[in-house]
Amino acid sequence: MTHITEDCLKIIINELQYDLSSLYSCILVNRQWCRIAIPILWKNPSSLKGFSPSKLHNMILFLLPNTSKKFLSDNIPELSLTEISDNKPLFNYISFFTQISPDLINDLSYALFYDDNKGYNYVGVRYKTYLLDQEIYKLFINNCKGLKLFYCKTSHPLFKYQGATTCFSQLCTLKINLMFVPTGNLFDIIQICQNIKHLELKNCDKDIENLVDFINIQRNLQSLCIDFLYEDKIRSFKFRPLSDIIMQKASTLKKFILRPFTRLLSPKILTSLINLQYLELISDEKFVLIFGGSTMKDWDEYISIASFPNLQYLKIYFDTDLSITKDYMLIEKSNGNIFEINILKENFHDPIYTKKLIITISKCCPKIKRLTINIEPENFEDLKEIFLNCTQLEMMCFSLDSEEHNGDKLLEIILDYSPETLREYSFIEIENSIFTTEGLEKFFENWKKRKPPLIFDIINNPWSDKDNFTEHNKIIKKYFDEGVIKEYNI
1 MTHITEDCLK
11 IIINELQYDL
21 SSLYSCILVN
31 RQWCRIAIPI
41 LWKNPSSLKG
51 FSPSKLHNMI
61 LFLLPNTSKK
71 FLSDNIPELS
81 LTEISDNKPL
91 FNYISFFTQI
101 SPDLINDLSY
111 ALFYDDNKGY
121 NYVGVRYKTY
131 LLDQEIYKLF
141 INNCKGLKLF
151 YCKTSHPLFK
161 YQGATTCFSQ
171 LCTLKINLMF
181 VPTGNLFDII
191 QICQNIKHLE
201 LKNCDKDIEN
211 LVDFINIQRN
221 LQSLCIDFLY
231 EDKIRSFKFR
241 PLSDIIMQKA
251 STLKKFILRP
261 FTRLLSPKIL
271 TSLINLQYLE
281 LISDEKFVLI
291 FGGSTMKDWD
301 EYISIASFPN
311 LQYLKIYFDT
321 DLSITKDYML
331 IEKSNGNIFE
341 INILKENFHD
351 PIYTKKLIIT
361 ISKCCPKIKR
371 LTINIEPENF
381 EDLKEIFLNC
391 TQLEMMCFSL
401 DSEEHNGDKL
411 LEIILDYSPE
421 TLREYSFIEI
431 ENSIFTTEGL
441 EKFFENWKKR
451 KPPLIFDIIN
461 NPWSDKDNFT
471 EHNKIIKKYF
481 DEGVIKEYNI
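This note's numbering numbers the first residue of the sequence shown as 1 and each following residue consecutively.
Laid out in C-alpha coordinates, this is it:
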(Lines of atoms letter the chains of each structure in order from A and count residues from 1; the text may use other names and numbers.)
(Lines give C-alpha, C1' and ligand atoms only; values in the text may rest on other atoms or scores of the structure.)
Protein backbone atom coordinates (compact mmCIF):
# COMPACT_ATOMS: atom_id res chain seq x y z
CA MET A 1 0.00 0.00 0.00
CA THR A 2 2.95 2.36 0.66
CA HIS A 3 3.94 2.12 -3.05
CA ILE A 4 0.68 3.60 -4.38
CA THR A 5 1.40 6.85 -6.18
CA GLU A 6 -0.10 10.01 -4.69
CA ASP A 7 -2.31 10.66 -7.72
CA CYS A 8 -3.83 7.16 -7.48
CA LEU A 9 -4.24 7.54 -3.74
CA LYS A 10 -6.18 10.77 -4.23
CA ILE A 11 -8.56 9.05 -6.65
CA ILE A 12 -9.11 6.14 -4.25
CA ILE A 13 -9.69 8.26 -1.16
CA ASN A 14 -11.95 10.63 -3.09
CA GLU A 15 -14.28 7.68 -3.70
CA LEU A 16 -14.80 7.61 0.08
CA GLN A 17 -15.84 11.26 0.33
CA TYR A 18 -19.28 10.41 1.74
CA ASP A 19 -18.05 7.68 4.08
CA LEU A 20 -17.11 9.42 7.32
CA SER A 21 -15.70 6.40 9.18
CA SER A 22 -13.52 5.35 6.24
CA LEU A 23 -12.13 8.86 5.87
CA TYR A 24 -11.26 8.88 9.57
CA SER A 25 -9.42 5.60 9.10
CA CYS A 26 -7.46 7.00 6.16
CA ILE A 27 -6.34 9.96 8.25
CA LEU A 28 -4.74 7.62 10.79
CA VAL A 29 -2.66 5.57 8.31
CA ASN A 30 0.29 7.95 7.91
CA ARG A 31 1.14 11.57 7.12
CA GLN A 32 0.69 11.21 3.37
CA TRP A 33 -2.75 9.64 3.69
CA CYS A 34 -3.71 12.23 6.29
CA ARG A 35 -2.62 15.11 4.02
CA ILE A 36 -4.78 13.72 1.19
CA ALA A 37 -7.85 12.72 3.24
CA ILE A 38 -8.24 15.90 5.34
CA PRO A 39 -9.17 18.20 2.41
CA ILE A 40 -11.72 15.61 1.20
CA LEU A 41 -13.23 15.26 4.68
CA TRP A 42 -13.56 19.02 5.08
CA LYS A 43 -15.05 19.83 1.67
CA ASN A 44 -18.54 19.92 3.19
CA PRO A 45 -18.38 18.22 6.60
CA SER A 46 -21.88 19.21 7.72
CA SER A 47 -23.33 17.02 4.95
CA LEU A 48 -21.66 13.85 6.25
CA LYS A 49 -23.80 11.44 8.22
CA GLY A 50 -22.47 11.07 11.74
CA PHE A 51 -20.52 14.31 11.78
CA SER A 52 -20.88 16.13 15.12
CA PRO A 53 -22.36 19.65 14.69
CA SER A 54 -21.04 20.80 18.09
CA LYS A 55 -17.46 19.73 17.21
CA LEU A 56 -17.74 21.51 13.87
CA HIS A 57 -19.04 24.67 15.58
CA ASN A 58 -16.20 24.58 18.11
CA MET A 59 -13.63 24.19 15.35
CA ILE A 60 -15.02 27.20 13.48
CA LEU A 61 -14.85 29.34 16.63
CA PHE A 62 -11.33 28.06 17.31
CA LEU A 63 -10.21 29.10 13.81
CA LEU A 64 -11.51 32.66 14.13
CA PRO A 65 -8.60 35.14 13.93
CA ASN A 66 -7.63 36.92 17.15
CA THR A 67 -9.08 40.21 15.89
CA SER A 68 -12.49 38.57 15.47
CA LYS A 69 -12.28 36.84 18.86
CA LYS A 70 -11.47 40.14 20.56
CA PHE A 71 -14.21 41.99 18.66
CA LEU A 72 -16.82 39.39 19.58
CA SER A 73 -15.66 39.13 23.21
CA ASP A 74 -15.89 42.91 23.58
CA ASN A 75 -19.42 42.99 22.16
CA ILE A 76 -20.65 39.59 23.39
CA PRO A 77 -18.82 38.90 26.69
CA GLU A 78 -20.87 35.74 27.22
CA LEU A 79 -18.94 33.97 24.46
CA SER A 80 -15.54 34.32 26.22
CA LEU A 81 -13.73 33.67 22.95
CA THR A 82 -10.48 35.17 24.21
CA GLU A 83 -10.16 32.14 26.48
CA ILE A 84 -9.92 29.82 23.46
CA SER A 85 -6.39 28.55 22.84
CA ASP A 86 -4.30 30.37 20.25
CA ASN A 87 -2.38 27.20 19.29
CA LYS A 88 -2.18 26.94 15.52
CA PRO A 89 -4.02 23.85 14.15
CA LEU A 90 -2.25 21.36 11.87
CA PHE A 91 -4.44 22.39 8.91
CA ASN A 92 -6.36 25.46 7.83
CA TYR A 93 -9.58 23.45 7.73
CA ILE A 94 -11.76 26.33 6.56
CA SER A 95 -9.74 26.63 3.34
CA PHE A 96 -10.92 23.15 2.29
CA PHE A 97 -14.65 24.05 2.29
CA THR A 98 -16.12 24.02 -1.22
CA GLN A 99 -19.33 25.77 -0.14
CA ILE A 100 -20.44 28.17 2.56
CA SER A 101 -23.72 27.03 4.05
CA PRO A 102 -25.97 29.72 5.58
CA ASP A 103 -27.70 26.92 7.49
CA LEU A 104 -24.40 25.94 9.11
CA ILE A 105 -23.79 29.53 10.24
CA ASN A 106 -27.38 29.96 11.44
CA ASP A 107 -27.18 26.69 13.37
CA LEU A 108 -23.99 27.82 15.07
CA SER A 109 -25.63 31.07 16.24
CA TYR A 110 -28.73 29.19 17.34
CA ALA A 111 -26.66 26.72 19.35
CA LEU A 112 -24.84 29.52 21.16
CA PHE A 113 -27.73 31.85 21.88
CA TYR A 114 -30.82 29.69 22.22
CA ASP A 115 -32.00 28.00 25.40
CA ASP A 116 -34.79 25.40 25.02
CA ASN A 117 -36.36 26.52 28.29
CA LYS A 118 -35.91 30.28 28.09
CA GLY A 119 -35.65 30.92 24.36
CA TYR A 120 -32.86 33.29 23.43
CA ASN A 121 -30.58 33.86 26.41
CA TYR A 122 -29.42 37.42 25.96
CA VAL A 123 -30.88 40.87 25.49
CA GLY A 124 -30.26 42.18 21.99
CA VAL A 125 -29.68 38.68 20.69
CA ARG A 126 -30.45 39.59 17.08
CA TYR A 127 -27.70 42.19 17.09
CA LYS A 128 -25.27 39.76 18.68
CA THR A 129 -26.21 37.05 16.20
CA TYR A 130 -25.59 39.54 13.39
CA LEU A 131 -22.10 40.27 14.74
CA LEU A 132 -21.23 36.59 15.15
CA ASP A 133 -22.49 35.74 11.65
CA GLN A 134 -20.46 38.63 10.27
CA GLU A 135 -17.18 37.38 11.72
CA ILE A 136 -17.83 33.79 10.64
CA TYR A 137 -18.61 34.87 7.08
CA LYS A 138 -15.41 36.92 7.07
CA LEU A 139 -13.48 33.84 8.22
CA PHE A 140 -14.87 31.71 5.40
CA ILE A 141 -14.56 34.32 2.67
CA ASN A 142 -10.96 35.19 3.61
CA ASN A 143 -9.89 31.53 3.61
CA CYS A 144 -11.97 29.75 0.96
CA LYS A 145 -10.49 29.95 -2.52
CA GLY A 146 -12.51 29.46 -5.67
CA LEU A 147 -15.91 28.39 -4.31
CA LYS A 148 -18.07 26.71 -6.94
CA LEU A 149 -21.43 26.84 -5.13
CA PHE A 150 -22.96 29.47 -2.83
CA TYR A 151 -26.37 30.22 -1.31
CA CYS A 152 -26.66 33.93 -0.51
CA LYS A 153 -29.24 34.32 2.26
CA THR A 154 -28.02 37.21 4.39
CA SER A 155 -28.00 41.00 4.58
CA HIS A 156 -24.26 41.07 5.26
CA PRO A 157 -22.24 42.79 2.48
CA LEU A 158 -20.34 39.56 1.78
CA PHE A 159 -19.01 40.63 -1.58
CA LYS A 160 -17.20 43.60 -0.02
CA TYR A 161 -15.32 41.54 2.55
CA GLN A 162 -11.59 40.94 2.25
CA GLY A 163 -10.94 37.99 -0.04
CA ALA A 164 -14.35 38.15 -1.73
CA THR A 165 -12.94 38.34 -5.25
CA THR A 166 -10.73 35.28 -4.75
CA CYS A 167 -13.52 33.43 -2.96
CA PHE A 168 -16.39 34.07 -5.38
CA SER A 169 -14.90 34.80 -8.81
CA GLN A 170 -15.11 31.13 -9.88
CA LEU A 171 -18.69 30.54 -8.71
CA CYS A 172 -20.65 28.28 -11.06
CA THR A 173 -23.83 27.83 -9.01
CA LEU A 174 -25.43 30.74 -7.15
CA LYS A 175 -28.70 30.80 -5.25
CA ILE A 176 -29.93 34.20 -4.00
CA ASN A 177 -32.80 34.68 -1.56
CA LEU A 178 -33.89 38.23 -2.32
CA MET A 179 -35.99 38.42 0.83
CA PHE A 180 -32.74 38.76 2.81
CA VAL A 181 -30.34 40.35 0.32
CA PRO A 182 -30.47 44.19 0.25
CA THR A 183 -30.67 46.03 -3.05
CA GLY A 184 -27.11 47.34 -2.93
CA ASN A 185 -25.61 43.88 -2.45
CA LEU A 186 -26.70 42.78 -5.91
CA PHE A 187 -24.51 45.47 -7.44
CA ASP A 188 -21.53 44.13 -5.48
CA ILE A 189 -22.27 40.58 -6.71
CA ILE A 190 -22.31 41.82 -10.32
CA GLN A 191 -18.75 43.12 -9.98
CA ILE A 192 -17.37 39.68 -9.05
CA CYS A 193 -19.63 36.89 -10.38
CA GLN A 194 -19.74 36.88 -14.16
CA ASN A 195 -19.41 33.20 -15.01
CA ILE A 196 -22.49 31.77 -13.30
CA LYS A 197 -23.85 28.68 -15.04
CA HIS A 198 -26.68 27.84 -12.63
CA LEU A 199 -28.67 30.70 -11.09
CA GLU A 200 -31.65 30.45 -8.73
CA LEU A 201 -33.52 33.60 -7.64
CA LYS A 202 -35.84 33.05 -4.67
CA ASN A 203 -38.58 35.50 -3.55
CA CYS A 204 -38.08 37.62 -6.63
CA ASP A 205 -39.97 40.88 -6.11
CA LYS A 206 -37.59 43.86 -5.96
CA ASP A 207 -34.50 45.32 -7.58
CA ILE A 208 -35.51 44.00 -11.00
CA GLU A 209 -33.14 46.40 -12.76
CA ASN A 210 -30.07 45.01 -11.00
CA LEU A 211 -31.35 41.46 -11.51
CA VAL A 212 -31.59 42.10 -15.25
CA ASP A 213 -28.04 43.52 -15.27
CA PHE A 214 -26.78 40.52 -13.31
CA ILE A 215 -28.36 38.00 -15.71
CA ASN A 216 -27.16 39.98 -18.71
CA ILE A 217 -23.50 39.98 -17.62
CA GLN A 218 -23.32 36.18 -17.31
CA ARG A 219 -21.32 34.71 -20.21
CA ASN A 220 -22.64 31.15 -20.20
CA LEU A 221 -25.85 30.90 -18.19
CA GLN A 222 -27.19 27.36 -18.57
CA SER A 223 -29.77 27.06 -15.82
CA LEU A 224 -32.20 29.68 -14.51
CA CYS A 225 -34.81 29.32 -11.78
CA ILE A 226 -37.09 32.27 -10.96
CA ASP A 227 -39.17 31.91 -7.82
CA PHE A 228 -41.50 34.88 -7.30
CA LEU A 229 -42.39 36.21 -3.87
CA TYR A 230 -45.86 35.14 -2.75
CA GLU A 231 -48.13 38.19 -2.29
CA ASP A 232 -51.88 38.83 -2.28
CA LYS A 233 -51.70 41.33 -5.14
CA ILE A 234 -49.02 41.47 -7.84
CA ARG A 235 -48.57 43.90 -10.72
CA SER A 236 -46.89 42.14 -13.60
CA PHE A 237 -45.57 45.19 -15.49
CA LYS A 238 -42.46 45.54 -13.30
CA PHE A 239 -41.31 42.06 -14.35
CA ARG A 240 -41.37 42.74 -18.10
CA PRO A 241 -37.61 43.45 -18.28
CA LEU A 242 -37.04 39.93 -16.91
CA SER A 243 -38.85 38.43 -19.90
CA ASP A 244 -36.71 40.49 -22.28
CA ILE A 245 -33.38 39.47 -20.74
CA ILE A 246 -34.38 35.79 -20.61
CA MET A 247 -35.05 35.89 -24.35
CA GLN A 248 -31.62 37.47 -24.89
CA LYS A 249 -29.85 34.73 -22.91
CA ALA A 250 -32.12 31.92 -24.13
CA SER A 251 -29.69 30.31 -26.57
CA THR A 252 -27.42 29.02 -23.77
CA LEU A 253 -30.18 28.00 -21.35
CA LYS A 254 -30.67 24.24 -20.95
CA LYS A 255 -32.76 24.37 -17.78
CA PHE A 256 -35.57 26.81 -16.97
CA ILE A 257 -37.83 26.84 -13.89
CA LEU A 258 -40.60 29.36 -13.29
CA ARG A 259 -42.74 29.40 -10.13
CA PRO A 260 -45.20 29.97 -8.57
CA PHE A 261 -46.76 32.52 -10.97
CA THR A 262 -46.12 31.79 -14.63
CA ARG A 263 -48.32 34.67 -15.79
CA LEU A 264 -45.84 37.29 -14.51
CA LEU A 265 -43.57 36.61 -17.48
CA SER A 266 -44.35 36.74 -21.16
CA PRO A 267 -44.95 33.33 -22.77
CA LYS A 268 -42.91 34.59 -25.73
CA ILE A 269 -39.83 33.40 -23.85
CA LEU A 270 -40.77 29.82 -24.78
CA THR A 271 -40.05 30.35 -28.47
CA SER A 272 -36.49 31.48 -27.64
CA LEU A 273 -35.49 28.51 -25.45
CA ILE A 274 -34.43 26.38 -28.38
CA ASN A 275 -31.78 24.33 -26.53
CA LEU A 276 -33.87 23.55 -23.47
CA GLN A 277 -33.48 20.13 -21.85
CA TYR A 278 -35.37 20.76 -18.58
CA LEU A 279 -38.59 22.79 -18.24
CA GLU A 280 -40.60 23.35 -15.09
CA LEU A 281 -43.69 25.61 -14.99
CA ILE A 282 -45.53 25.88 -11.68
CA SER A 283 -48.53 28.13 -11.12
CA ASP A 284 -50.30 28.47 -7.79
CA GLU A 285 -52.56 31.49 -8.15
CA LYS A 286 -55.56 30.31 -6.16
CA PHE A 287 -55.42 33.16 -3.63
CA VAL A 288 -53.46 35.72 -5.65
CA LEU A 289 -54.65 38.66 -7.75
CA ILE A 290 -52.34 39.40 -10.69
CA PHE A 291 -52.78 42.68 -12.53
CA GLY A 292 -51.83 42.86 -16.21
CA GLY A 293 -50.31 39.39 -16.52
CA SER A 294 -50.48 37.08 -19.50
CA THR A 295 -53.45 34.73 -19.81
CA MET A 296 -53.61 30.95 -20.05
CA LYS A 297 -54.76 31.44 -23.64
CA ASP A 298 -51.53 33.36 -24.33
CA TRP A 299 -49.46 30.54 -22.84
CA ASP A 300 -51.31 27.91 -24.86
CA GLU A 301 -50.69 29.93 -28.03
CA TYR A 302 -46.92 30.06 -27.52
CA ILE A 303 -46.71 26.49 -26.24
CA SER A 304 -48.33 25.35 -29.49
CA ILE A 305 -45.56 26.99 -31.58
CA ALA A 306 -42.58 26.42 -29.22
CA SER A 307 -40.24 23.52 -29.95
CA PHE A 308 -37.74 21.86 -27.61
CA PRO A 309 -36.12 19.05 -29.61
CA ASN A 310 -33.65 18.29 -26.80
CA LEU A 311 -36.21 18.23 -23.97
CA GLN A 312 -35.59 15.47 -21.41
CA TYR A 313 -37.59 16.60 -18.37
CA LEU A 314 -40.99 18.30 -18.30
CA LYS A 315 -42.84 19.34 -15.15
CA ILE A 316 -46.08 21.32 -15.21
CA TYR A 317 -48.18 21.94 -12.11
CA PHE A 318 -51.23 24.21 -11.98
CA ASP A 319 -53.35 24.85 -8.91
CA THR A 320 -55.63 27.43 -10.49
CA ASP A 321 -59.14 27.66 -11.88
CA LEU A 322 -57.66 27.79 -15.41
CA SER A 323 -54.82 25.75 -16.84
CA ILE A 324 -52.86 25.37 -20.05
CA THR A 325 -54.17 22.58 -22.30
CA LYS A 326 -51.63 22.49 -25.14
CA ASP A 327 -48.68 21.13 -23.15
CA TYR A 328 -48.94 17.78 -24.96
CA MET A 329 -47.72 19.63 -28.07
CA LEU A 330 -44.34 20.20 -26.38
CA ILE A 331 -44.05 16.43 -26.04
CA GLU A 332 -44.88 15.93 -29.73
CA LYS A 333 -41.85 18.05 -30.73
CA SER A 334 -39.33 16.57 -28.28
CA ASN A 335 -37.77 14.14 -30.80
CA GLY A 336 -38.35 11.24 -28.41
CA ASN A 337 -35.72 12.43 -25.92
CA ILE A 338 -37.91 12.80 -22.82
CA PHE A 339 -36.99 10.70 -19.77
CA GLU A 340 -39.44 12.14 -17.24
CA ILE A 341 -42.84 13.87 -17.37
CA ASN A 342 -44.66 15.27 -14.36
CA ILE A 343 -47.94 17.00 -15.28
CA LEU A 344 -50.46 17.59 -12.49
CA LYS A 345 -53.43 19.96 -12.48
CA GLU A 346 -55.63 20.47 -9.45
CA ASN A 347 -59.41 20.69 -9.94
CA PHE A 348 -59.00 19.98 -13.64
CA HIS A 349 -61.32 17.44 -15.28
CA ASP A 350 -61.04 16.98 -19.03
CA PRO A 351 -60.96 13.36 -20.29
CA ILE A 352 -60.50 14.56 -23.87
CA TYR A 353 -57.32 16.47 -22.95
CA THR A 354 -56.09 13.54 -20.84
CA LYS A 355 -56.59 11.17 -23.77
CA LYS A 356 -54.55 13.47 -26.05
CA LEU A 357 -51.79 13.62 -23.44
CA ILE A 358 -51.68 9.84 -22.98
CA ILE A 359 -51.69 9.09 -26.72
CA THR A 360 -48.97 11.70 -27.33
CA ILE A 361 -46.75 10.20 -24.61
CA SER A 362 -47.28 6.68 -25.97
CA LYS A 363 -46.25 7.76 -29.47
CA CYS A 364 -43.47 10.26 -28.73
CA CYS A 365 -41.70 9.06 -25.56
CA PRO A 366 -40.03 5.69 -26.17
CA LYS A 367 -37.26 6.50 -23.65
CA ILE A 368 -39.46 7.73 -20.81
CA LYS A 369 -38.66 6.24 -17.39
CA ARG A 370 -40.81 8.24 -14.96
CA LEU A 371 -44.35 9.53 -15.51
CA THR A 372 -46.77 11.47 -13.29
CA ILE A 373 -50.20 12.49 -14.62
CA ASN A 374 -53.83 13.06 -13.69
CA ILE A 375 -56.00 10.11 -14.64
CA GLU A 376 -59.76 9.65 -14.80
CA PRO A 377 -61.83 6.45 -15.17
CA GLU A 378 -62.67 7.37 -18.76
CA ASN A 379 -58.96 7.17 -19.61
CA PHE A 380 -57.97 3.90 -17.91
CA GLU A 381 -58.17 1.98 -21.20
CA ASP A 382 -55.96 4.59 -22.90
CA LEU A 383 -53.13 3.71 -20.51
CA LYS A 384 -52.65 0.45 -22.37
CA GLU A 385 -51.01 2.43 -25.18
CA ILE A 386 -48.39 3.82 -22.80
CA PHE A 387 -47.68 0.40 -21.31
CA LEU A 388 -47.29 -1.20 -24.75
CA ASN A 389 -45.10 1.52 -26.29
CA CYS A 390 -43.10 2.98 -23.38
CA THR A 391 -41.21 -0.17 -22.50
CA GLN A 392 -38.50 1.53 -20.41
CA LEU A 393 -40.89 2.90 -17.77
CA GLU A 394 -39.71 2.45 -14.19
CA MET A 395 -42.12 4.64 -12.18
CA MET A 396 -45.69 5.88 -12.61
CA CYS A 397 -47.69 8.18 -10.38
CA PHE A 398 -51.42 8.70 -10.90
CA SER A 399 -53.50 11.49 -9.41
CA LEU A 400 -57.03 10.09 -9.13
CA ASP A 401 -60.15 12.11 -8.45
CA SER A 402 -63.20 9.90 -8.25
CA GLU A 403 -65.87 9.19 -5.67
CA GLU A 404 -66.43 5.68 -7.03
CA HIS A 405 -64.32 2.55 -6.63
CA ASN A 406 -62.98 2.57 -10.18
CA GLY A 407 -59.37 1.93 -9.24
CA ASP A 408 -59.68 -1.86 -9.31
CA LYS A 409 -59.94 -1.68 -13.11
CA LEU A 410 -56.74 0.37 -13.18
CA LEU A 411 -54.94 -2.30 -11.14
CA GLU A 412 -56.09 -4.98 -13.58
CA ILE A 413 -54.72 -3.00 -16.54
CA ILE A 414 -51.40 -2.55 -14.73
CA LEU A 415 -51.15 -6.30 -14.17
CA ASP A 416 -52.01 -7.22 -17.74
CA TYR A 417 -50.16 -4.57 -19.74
CA SER A 418 -47.38 -2.85 -17.75
CA PRO A 419 -43.79 -3.55 -18.88
CA GLU A 420 -41.43 -5.65 -16.76
CA THR A 421 -39.30 -2.59 -15.96
CA LEU A 422 -42.22 -0.81 -14.23
CA ARG A 423 -42.13 -1.71 -10.54
CA GLU A 424 -42.84 1.57 -8.74
CA TYR A 425 -46.38 2.95 -8.44
CA SER A 426 -47.82 5.92 -6.57
CA PHE A 427 -51.50 6.84 -6.33
CA ILE A 428 -52.60 10.29 -5.17
CA GLU A 429 -56.21 9.97 -4.02
CA ILE A 430 -57.93 13.35 -4.19
CA GLU A 431 -61.31 12.22 -2.86
CA ASN A 432 -62.11 8.94 -1.11
CA SER A 433 -60.14 5.77 -1.71
CA ILE A 434 -60.74 4.42 -5.20
CA PHE A 435 -59.51 0.89 -4.43
CA THR A 436 -61.53 -1.84 -2.78
CA THR A 437 -59.81 -4.15 -0.30
CA GLU A 438 -60.65 -7.08 -2.57
CA GLY A 439 -59.10 -5.28 -5.57
CA LEU A 440 -55.86 -4.63 -3.71
CA GLU A 441 -55.67 -8.23 -2.46
CA LYS A 442 -56.16 -9.58 -5.98
CA PHE A 443 -53.52 -7.20 -7.38
CA PHE A 444 -50.83 -8.22 -4.89
CA GLU A 445 -51.61 -11.94 -5.22
CA ASN A 446 -51.18 -11.74 -8.98
CA TRP A 447 -48.06 -9.62 -8.68
CA LYS A 448 -46.38 -12.48 -6.79
CA LYS A 449 -46.11 -14.30 -10.13
CA ARG A 450 -43.96 -11.48 -11.49
CA LYS A 451 -41.40 -11.99 -8.69
CA PRO A 452 -39.68 -8.54 -8.77
CA PRO A 453 -40.87 -6.72 -5.61
CA LEU A 454 -42.92 -3.54 -5.82
CA ILE A 455 -42.50 -0.02 -4.54
CA PHE A 456 -46.10 0.97 -3.75
CA ASP A 457 -47.42 4.29 -2.38
CA ILE A 458 -50.93 5.54 -1.70
CA ILE A 459 -51.09 9.24 -0.86
CA ASN A 460 -54.41 9.87 0.83
CA ASN A 461 -56.47 13.01 1.17
CA PRO A 462 -56.68 13.91 4.90
CA TRP A 463 -60.47 13.82 4.66
CA SER A 464 -60.70 10.41 2.95
CA ASP A 465 -62.43 7.38 4.44
CA LYS A 466 -60.38 6.40 7.53
CA ASP A 467 -61.80 2.87 7.69
CA ASN A 468 -60.73 2.13 4.13
CA PHE A 469 -57.34 3.65 4.84
CA THR A 470 -56.83 1.32 7.80
CA GLU A 471 -57.83 -1.76 5.77
CA HIS A 472 -55.52 -0.78 2.92
CA ASN A 473 -52.67 -0.29 5.37
CA LYS A 474 -53.15 -3.82 6.74
CA ILE A 475 -53.15 -5.36 3.26
CA ILE A 476 -50.03 -3.49 2.15
CA LYS A 477 -48.22 -4.34 5.40
CA LYS A 478 -49.11 -8.01 4.90
CA TYR A 479 -47.60 -8.15 1.40
CA PHE A 480 -44.59 -6.15 2.53
CA ASP A 481 -43.91 -8.84 5.13
CA GLU A 482 -44.27 -11.48 2.42
CA GLY A 483 -41.70 -9.73 0.20
CA VAL A 484 -44.14 -8.78 -2.56
CA ILE A 485 -43.60 -5.10 -1.71
CA LYS A 486 -40.03 -3.80 -1.25
CA GLU A 487 -40.96 -0.28 -0.07
CA TYR A 488 -44.28 1.37 0.71
CA ASN A 489 -45.79 4.55 2.03
CA ILE A 490 -49.43 5.01 2.99
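Beta carbons: idealized from backbone N, C-alpha and C, even for Gly.
Just so it is clear, the structure is predicted and the values come from calculations on it, not from any experiment.
- Give a single yes or no on whether Glu412 has its beta carbon closer than 8 Å to a heavy atom of the ligand SAM. Among the components of this structure there are no ligands whatsoever, and the ligand SAM is therefore not found.
- Query: How would you write the range of the beta strand (DSSP E) that Glu135 sits in, first residue to last?
  - Reply: For the purposes of this step, residue 135 is taken as the residue at position 135 of the sequence shown. That residue, Glu135, is in no beta strand (DSSP E); its alpha helix (DSSP H) goes 125-143.
- Message: Classify Gln558: buried if its beta carbon has 16 or more other beta carbons within 10 angstroms, exposed otherwise.
- Response: Within the shown structure, residues of the chain are numbered from 1 to 490, placing residue 558 beyond reach of any answer.
- Presumed contact (8 Å Cβ cut-off) between Phe491 and Leu279, rounded CB distance: For residue 491 there is no data in the structure shown, the boundaries of the chain being 1 and 490.
- Message: Give me the DSSP bridge partner(s) of Leu258.
- Response: By 1-based counting over the sequence shown, the position of residue 258 is 258. Its beta-bridge partners are Ile226, Leu281.
- In terms of DSSP beta bridges, what is Asn177 paired with? Here the question's residue 177 lines up with position 177 in the sequence shown. Answer is Lys202, bridged to Asn177.
- Task: Specify, as a first and last residue, the run of the alpha helix (DSSP H) that Ser304 falls within.
- Result: Taking the first residue of the sequence shown as position 1, residue 304 is located at position 304. First-last of the alpha helix (DSSP H) with Ser304: 296-305.
- Can you say whether Ile226 is buried or exposed, counting buried as having 16 or more other CB atoms within 10 angstroms of its CB? Walking along the sequence shown from the start, residue 226 turns up at place 226. Buried is the call here.
- Message: By DSSP's criteria, Tyr24 is part of a beta bridge. Which residues make up the other side?
- Response: By one-based count along the sequence shown, residue 24 stands at place 24. The partner list for Tyr24 (beta bridge, DSSP) is empty, contrary to what the question assumes.
- Message: Between the alpha carbons of Lys255 and Leu330, how many angstroms are there, rounded?
- Response: For this step, residue 255 is matched to residue 255 along the sequence shown. For this step, residue 330 is matched to residue 330 along the sequence shown. Their backbone Cα atoms lie some 15 Å apart in a straight line.
- Which runs of the alpha helix (DSSP H) fall wholly inside the segment 347-372 and span at least 4 residues, in chain order? 351-364
- Give the straight-line distance between the Cα atoms of Arg219 and Phe159, rounded to the nearest whole angstrom. One-based indexing of the sequence shown puts residue 219 at position 219. One-based indexing of the sequence shown puts residue 159 at position 159. Taking the straight line joining both Cα atoms gives about 20 Å.
- Message: What does the Cβ neighbour count give for His156, buried or exposed, with the cut at 16 atoms within 10 Å?
- Response: For this step, residue 156 is matched to residue 156 along the sequence shown. Counting Cβ neighbours within 10 Å, His156 comes out buried, since at least 16 surround it.
- Check the C-beta distance from Leu357 over to Tyr328 and give it rounded, since I have them as a contact under 8 Å. Within the sequence shown, residue 357 is the residue found at index 357, counting from 1. Within the sequence shown, residue 328 is the residue found at index 328, counting from 1. That pair is a contact at about 5 Å.
- Task: Over the uninterrupted alpha helix (DSSP H) stretch that includes Tyr110, give me the two end residues.
- Result: Residue numbering aside, residue 110 sits at position 110 when the sequence shown is read from its first letter. Note, Tyr110: alpha helix (DSSP H), 102-113.
- Output the boundary residues of the beta strand (DSSP E) element that contains Cys152. The residue given as residue 152 occupies position 152 in the sequence shown. Cys152 -> beta strand (DSSP E) spans 149-152.
- Query: Is the segment 190-205 touching the segment 163-173 in the sense that three or more CB pairs, one from each, lie closer than 8 Å?
  - Reply: yes
- Spatial neighbours of Ala306 within its chain, please: CB distance less than 7 Å, with the 5 preceding and 5 following residues excluded, ordered by chain position. For the purposes of this step, residue 306 is taken as the residue at position 306 of the sequence shown. Hits under 7 Å: Leu270, Thr271, Leu330.
- Kindly give me the distance between the Cβ atoms of Lys486 and Ile458, rounded to whole angstroms, as I take these residues to be in contact under 8 Å. What you label residue 486 is simply residue 486 of the sequence shown in a count that begins at 1. What you label residue 458 is simply residue 458 of the sequence shown in a count that begins at 1. Not a contact, Cβ separation roughly 15 Å.
- Item | Close-in-space but distant-in-sequence residues of the same chain around Gly439 (CB under 7 Å, 5 per side omitted) | What you label residue 439 is simply residue 439 of the sequence shown in a count that begins at 1. Correct list, in chain order: Gly407, Asp408, Leu411.
- Bridge-paired residues (DSSP) for Ser426: As a first step, residue 426 must be located in the sequence shown, where it is residue number 426. Paired residues: Cys397, Asp457.
- Task: With distances taken Cα to Cα, identify the nearest neighbour of Ile338 among Asn347, Lys369, Asn473.
- Result: Within the sequence shown, numbered from 1, the residue matching residue 338 stands at position 338. That would be Lys369, whose Cα lies nearest to the Cα of Ile338.
- If you draw a straight line from the alpha carbon of Pro453 to that of Ser399, how long is it in whole angstroms? Walking along the sequence shown from the start, residue 453 turns up at place 453. Walking along the sequence shown from the start, residue 399 turns up at place 399. Their backbone Cα atoms lie some 22 Å apart in a straight line.
- Item | Among Lys153, Gly163, Lys202, the one whose alpha carbon lies nearest that of Phe180 | Taking the sequence shown and counting its residues from 1, the one referred to as residue 180 is at position 180. Nearest option by C-alpha distance: Lys153.
- Message: Using a Cβ-Cβ cutoff of less than 6 Å, which residues in the same chain neighbour Pro39 once the five nearest sequence positions on both sides are dropped?
- Response: Counting from 1 along the sequence shown, the entry for residue 39 is found at position 39. Closer than 6 Å at Cβ, skipping near neighbours: Phe96.
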